[in-house]
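Trainee: Pasting a structure here, questions to come.
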């Protein structure tokens, strides 16, 4: 969550509410349990402000405490209920992913764009022979070194794409990660021409990924369908002629729900 996006001079913007959301976001996969001091440090809030927000969230049922340590409760899932049910994640999207997973023999994921990251919205593991612990619903991945991220970036308008690339860090996650923005932009052009992105161990060592964009109403890119697999498991011809068409159909079916 980026507080810099807020217009502090806008009288209709509640900074207190935004800070409360910032506190909720402080609890993530790496920081499941936090002390009051750790909450203040992660959110860059004063101890006094952090305490008031934490106590409020605790009384509302979103946080639970045990000897000065806090963690999210299942009540926080109410915040995502409208999105999950409104988009038909379980009833519509999940069966589409399951069919694709059965056809390609790998776990299939649906992710959506969120600022400079992609967030996993749904998965189907099916008969998959390979997966990663980091691939769970709600987990986030950077856009630049991943196939899912690049598949989305390639089909954004140039202004939005360039703004994201300018803000996103170019971190060398592996020895194969492309860290040149000029080369990356050139790659996005090639992805746009082919219709899919293949990333060769650029985010996780020894792990390749394949992704195709998902287009919603009006042809706007809203997400990506992706799979991951051990490096060099599939020949380029198999990826292009067999796996890409199946993922493309999956993406088209999901796009109809948006």
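Numbering (the working numbering), first residue to last: 453 to 710.
Just so you know, even glycine gets a beta-carbon here, dropped at the ideal spot from N, CA and C.
From residue 529 to residue 689, what distance separates their C-alpha atoms?
Mentor: Spanning the two alpha carbons is a distance of roughly 42 Å.
Trainee: Quick one: give me the first and last residue of the alpha helix (DSSP H) that residue 715 is part of.
Mentor: Here the chain covers residues 453 to 710 and nothing more, so residue 715 does not appear.
Trainee: Which residue spans inside the stretch 508 to 541 form an unbroken alpha helix (DSSP H) run of at least 4?
Mentor: Whole alpha helix (DSSP H) segments, 4+ residues: 530 to 538.
Trainee: Could you pull out every residue in the same chain whose Cβ sits closer than 8 Å to the Cβ of residue 682, ignoring the five residues on either side in sequence?
Mentor: The residues are 582, 658, 659 and 660.
Trainee: So, with DSSP's three-state summary, where would you put residue 688?
Mentor: The answer is helix: DSSP assigns residue 688 an H, G or I state.
Trainee: Residue 568: buried (16+ other C-beta within 10 angstroms of its C-beta) or exposed?
Mentor: Buried.
Trainee: Spatial neighbours of residue 506 within its chain, please: CB distance less than 7 Å, with the 5 preceding and 5 following residues excluded, ordered by chain position.
Mentor: 475, 488, 491, 515 and 522, listed in sequence order.
Trainee: Can you give the Cα-Cα distance for residue 466 and residue 709, rounded to whole angstroms?
Mentor: In a straight line, the C-alpha of residue 466 is about 33 Å away from that of residue 709.
Trainee: At 4 residues or longer, and completely inside the stretch 558 to 635: list those alpha helix (DSSP H) runs for me, N to C.
Mentor: If we require 4 residues or more, the alpha helix (DSSP H) runs fully inside the stretch 558 to 635 come out as 599 to 605 and 610 to 619.
Trainee: Alpha carbon to alpha carbon, how far is residue 649 from residue 602? Give it in angstroms, no decimals.
Mentor: So the two alpha carbons sit approximately 7 Å from each other.
Trainee: What's the gap between the Cα of residue 575 and the Cα of residue 480?
Mentor: Whole-angstrom Cα-Cα distance: 19 Å.
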